[in-house]
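Notes follow the structure.
Protein chains: 2
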Amino acid sequence: MLDVIAPLVIQNTTKIVLVSLDGLGGLPRLETGRSELETAHLPNLSQLATEAACGLIRHVAPGITPGSGPGHLGLFGYDPLHYQVGRGVLEALGIEFDLRAGDVAARGNFCTIDGAGRITDRRAGRLATEINLRLTERLRKIRLPGVEAFVETVKEYRFVLVLRARARGGAHLAAGLSETDPQATGQPPLPVKALNPRAKATAALVNRFVTEARRLLADAGPANMVLLRGFDQLPKLPRFPEVFGLRSAAIAAYPMYRGLAKLVGMEVLKTGATFDDELATLREHWDTHDFFFVHYKDTDKAGEDGDFDAKVRALERLDRAIPEIRALKPDVLIVSGDHATPSVLAGHGWQPVPVVIWSRYCGADGVTAFTERACGAGSLGVIPSQHLMPLVMANALRLTKFGA
Amino acid sequence: MLDVIAPLVIQNTTKIVLVSLDGLGGLPRLETGRSELETAHLPNLSQLATEAACGLIRHVAPGITPGSGPGHLGLFGYDPLHYQVGRGVLEALGIEFDLRAGDVAARGNFCTIDGAGRITDRRAGRLATEINLRLTERLRKIRLPGVEAFVETVKEYRFVLVLRARARGGAHLAAGLSETDPQATGQPPLPVKALNPRAKATAALVNRFVTEARRLLADAGPANMVLLRGFDQLPKLPRFPEVFGLRSAAIAAYPMYRGLAKLVGMEVLKTGATFDDELATLREHWDTHDFFFVHYKDTDKAGEDGDFDAKVRALERLDRAIPEIRALKPDVLIVSGDHATPSVLAGHGWQPVPVVIWSRYCGADGVTAFTERACGAGSLGVIPSQHLMPLVMANALRLTKFGA
Chain A
31 MLDVIAPLVI
41 QNTTKIVLVS
51 LDGLGGLPRL
61 ETGRSELETA
71 HLPNLSQLAT
81 EAACGLIRHV
91 APGITPGSGP
101 GHLGLFGYDP
111 LHYQVGRGVL
121 EALGIEFDLR
131 AGDVAARGNF
141 CTIDGAGRIT
151 DRRAGRLATE
161 INLRLTERLR
171 KIRLPGVEAF
181 VETVKEYRFV
191 LVLRARARGG
201 AHLAAGLSET
211 DPQATGQPPL
221 PVKALNPRAK
231 ATAALVNRFV
241 TEARRLLADA
251 GPANMVLLRG
261 FDQLPKLPRF
271 PEVFGLRSAA
281 IAAYPMYRGL
291 AKLVGMEVLK
301 TGATFDDELA
311 TLREHWDTHD
321 FFFVHYKDTD
331 KAGEDGDFDA
341 KVRALERLDR
351 AIPEIRALKP
361 DVLIVSGDHA
371 TPSVLAGHGW
381 QPVPVVIWSR
391 YCGADGVTAF
401 TERACGAGSL
411 GVIPSQHLMP
421 LVMANALRLT
431 KFGA
Chain B
31 MLDVIAPLVI
41 QNTTKIVLVS
51 LDGLGGLPRL
61 ETGRSELETA
71 HLPNLSQLAT
81 EAACGLIRHV
91 APGITPGSGP
101 GHLGLFGYDP
111 LHYQVGRGVL
121 EALGIEFDLR
131 AGDVAARGNF
141 CTIDGAGRIT
151 DRRAGRLATE
161 INLRLTERLR
171 KIRLPGVEAF
181 VETVKEYRFV
191 LVLRARARGG
201 AHLAAGLSET
211 DPQATGQPPL
221 PVKALNPRAK
231 ATAALVNRFV
241 TEARRLLADA
251 GPANMVLLRG
261 FDQLPKLPRF
271 PEVFGLRSAA
281 IAAYPMYRGL
291 AKLVGMEVLK
301 TGATFDDELA
311 TLREHWDTHD
321 FFFVHYKDTD
331 KAGEDGDFDA
341 KVRALERLDR
351 AIPEIRALKP
361 DVLIVSGDHA
371 TPSVLAGHGW
381 QPVPVVIWSR
391 YCGADGVTAF
401 TERACGAGSL
411 GVIPSQHLMP
421 LVMANALRLT
431 KFGA
């Protein structure tokens, strides 16, 4: 679709705001039969839904539960099945590591092995982040020929390994590598194998890293080994600002979402830790950009905690911010999310997520509430997430006719 | 999609029941403006729809009327446009012939030709099944080099021809063959041509069979010739139990549907001739399988007969069985069908078919009736049939996240 859209793009001065409520969609609670959205008091979102075109967004495919990567790529207009991003790259983005083209990134676990080298705990008792910091310090001593090896703490037992070819005489790195994590205890970690001839040198380097790591961690405790998986390089994605002809800004308090926006070439604006900070950043940059991706994390956090009431409150807080955003008079205002995080699942869900698109030209439908059920009967129907951006562009009058 | 789903599959102990009402969907009767589903009294299906996610399933593509083969492959998660099964194979499955890998099957008609060899009746007056049995007996005398030729009565003027290479010194069989049936009277049957070089030997064998058949039937009456079409071999399908990680059982009183389930690798459970027998089989095997495909034929039969009232009664009979199925406490219960058979068409139709998916996590929508019109406004939207199984797997919590 991007190839169809790009040649149709025209320039104007319209302003677009996409507010993404992370983990937006939910499910009815058994006791009441009402979802988080149906329970919350959301006068401003209801008003917006009443004036706007409503529908449901499906991010990957029916029944598929999206991770944050595919969830956001879809919102940004990319088919998440076509543009896949490996776990290692997502972890690196999640800590805002400055990943560069050609780098190979992997997700690492600190783990424990017994005297015979068999895994006894894949997460080393979910060790504390302070211990992780101490262990990564040890691993940073590892030297490999022709590459720099970065070892970065993520959280608890998780870290990121990044290999970067040295500028002079550097190794040629490739990401087609098998994983060392057998995803089971009682087995030894697997050696990394090259999945194609180009990745042979990289496989040898990673195996050398693992051997060194085992030696350096032998007496470290509480972990004495590492597991590596999800080897990948930065994907080659069409750049969002060029495809859509939009001076594009991302406003997100959490690093993962800044990383995903950067991945598609958006400018990541400096902001603070709260949603109020994000709104201040939005106001501040209103004149310098055409498109604003504004990320709201609280809904997902409450859903992941399985805390229905907290998610209701997070929705109500967001609702109170809607008038501030509308006061800026965007030409197109979209409210949706990157995936469902139903409190009753205490995790991401596969359910499609409500969306409202408001503009002078959106056409109203019969929907008067911003809920899963109400939006399911909206005029947008149930659409793949990558169809959202073309609709947004159309509402911004930024697409010309297809065919004469 | 199967390639996307398979790596996401995880194991648990949830139970899934898919009830397929053959020829489920209908059309309004002129006199009342109400379809069969809208006319029938279906308290249990209405209750299920109220509690469940509803939608419409489209089996092949808009406007395409599915046969039983594509209809069921779609329900089982296979894109019916990608996985095509030839008529010969379907006819063999329909009589539960033990078709094996490499066999070439064709659909046969007994027909009549005049003195000049031109077809006068493509169905030989739709001769009776007893006569068919007598004629196939004659054809079984035909001997071909290197292959066994099976000639099996289907019904009336229809039979199946299966060629099977002998274990020792057998011919190499291939299915790329043109048809002998010109689909018109006044023309002679066509010789079979190989559509690719690998099928040359098979074409020669089939032409020899036809020559012999003409000789053996010359004085038989009321048919004196055969027409052959739909040559095919068993398709190589991904196996359903492995793709979805489900111990899968099919419960169907009719051979065609047992054959289709076997084609994708399901275990076909022995059952009786009625739907009550099927329910008894379901109860009996509840503990030994994860997934049950339960087939209900009466709706299609009534629709094919153009008998609106009989179809209404068939729906009401099925409705009364729903509590028995729910009493087993499946984790996921799906009710849908393999295609529409509107009574006003007295045959299969292209209309999408209602579907309900019930689980603890399905999310309710506003739909309170199991009808074409009501389900059209459901939260599932109008989905291709092959998207049903991923949704079912998600509702069974048997799929992990896609992307981190």
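Taken in order, these protein sequences are the chains called A and B. With the working numbering, letter number 244 in the first sequence gets 274, and the count goes up by one each step, no holes. With the working numbering, letter number 73 in the second sequence gets 103, and the count goes up by one each step, no holes. For every residue, glycine included, the Cβ atom is placed at its ideal position computed from N, Cα and C. The model shown is predicted, which means the values in this text are computed figures rather than measured ones.
Cβ-Cβ distances below 8 Å link R238(A) to L174 in the same chain, with the five nearest sequence neighbours on each side left out; the list follows chain order.
C405(A) sits away from P420(A), with the two beta carbons spaced by 7 Å or more.
Beta-bridge analysis with DSSP links H325(A) to S50(A). Only exposed fits H112(B), as fewer than 16 other CB atoms lie within 10 angstroms of its CB. In the DSSP assignment, P384(A) falls within the beta strand (DSSP E) that extends over V383 to W388. If only uninterrupted alpha helix (DSSP H) runs of at least 4 residues are considered, those enclosed by the stretch 79 to 167 of chain B are 98 to 105 and 117 to 124. Those residues of the stretch 34 to 52 of chain B placed with their C-beta closer than 9 Å to a C-beta in chain A are V34, I35 and L38, ordered along the chain. Relative to F321(B), the option among R343(B), F400(B), A291(B) and G393(B) whose CA is nearest is A291(B). In chain order, S98, L120, L123 and G124 place their CB closer than 8 Å to the CB of M286(A), counting only its own chain and leaving out the 5 sequence neighbours on each side.
In terms of CA proximity to N425(B), L375(A) leads the group Q263(A), L375(A) and S208(A). With respect to the 7 Å criterion, V365(B) and V342(B) are not classified as neighbours on the basis of their beta carbons.
The C-beta separation of L246(A) from R168(A) comes to about 5 Å, placing the pair in contact by the 8 Å criterion.
Per DSSP, M423(A) is not a residue of any beta strand (DSSP E); the alpha helix (DSSP H) it occupies stretches across L418 to N425. Separation of D109(A) and T44(A) (C-alpha to C-alpha, rounded to the nearest whole angstrom) is 25 Å. Residues of the same chain with a CB within less than 7 Å of the CB of L235(A), apart from the 5 flanking positions on each side, are L174, V177, L193 and A201 in chain order. Distance from the CA atom of L129(A) to the CA atom of T210(A), rounded to whole angstroms, is 22 Å. Residue nearest to A407(B) within the set L86(A), Q41(A) and E81(A) is L86(A) (criterion: CA-CA distance).
Fewer than three pairs of CB atoms, one per stretch, sit closer than 8 Å, so the stretch 250 to 268 of chain B makes no contact with the stretch 302 to 312 of chain B. Taking a beta-carbon distance threshold of 7 Å, I94(A) counts as an interface residue toward chain B. For A131(A), the CB contacts under 8 Å within the same chain, skipping 5 residues up- and downstream, are Q263 and L264 in chain order. Assigned with DSSP and collapsed to three states, P414(B) falls in strand. Classified as buried, A179(A) has 16 or more neighbouring CB atoms from the shown chains inside 10 Å of its CB.
In this structure, V184(B) is the residue among T232(B), V422(B) and V184(B) with its C-alpha nearest to the C-alpha of I161(B).
The DSSP-derived three-state label of A279(A) is strand. Here T166(B) is buried. Its C-beta has 16 or more other C-beta atoms within 10 Å. Within the model, the alpha-carbon separation for R152(A) versus R228(A) is close to 30 Å.
Only those residues of the stretch 379 to 397 of chain B whose C-beta falls short of 7 Å from the nearest C-beta of chain A are listed: Y391, G393, A394, D395 and G396. The Cβ atoms of G333(B) and S373(B) lie closer than 7 Å to each other.
For L57(A), the residues of chain B that pass the 9 Å Cβ criterion are R390, Y391, C392, G393 and A394, in the order they occur in the chain.
A131(B) has a beta carbon lying at 7 Å or more from every beta carbon in chain A.
Against chain B, the beta carbon of P212(A) has no neighbour under 9 Å; the closest one sits roughly 16 Å away. Taking every protein chain shown into account, the CB of R259(B) has 16 or more other CB atoms within 10 angstroms, so this residue is buried. Bridge partners of S366(B) according to DSSP: S50(B). Separation of the CB atoms of L203(B) and G138(B) is rounded to 17 Å, and the pair is thereby denied contact status at 8 Å. With the criterion set as a beta carbon lying under 9 Å from some beta carbon of chain A, the members of the stretch 405 to 421 of chain B are A407, G408, S409, L410, G411, V412, I413, P414, H417, L418, M419, P420 and L421, in sequence order. At a cut-off of 7 Å between beta carbons, K359(B) makes no contact with chain A.
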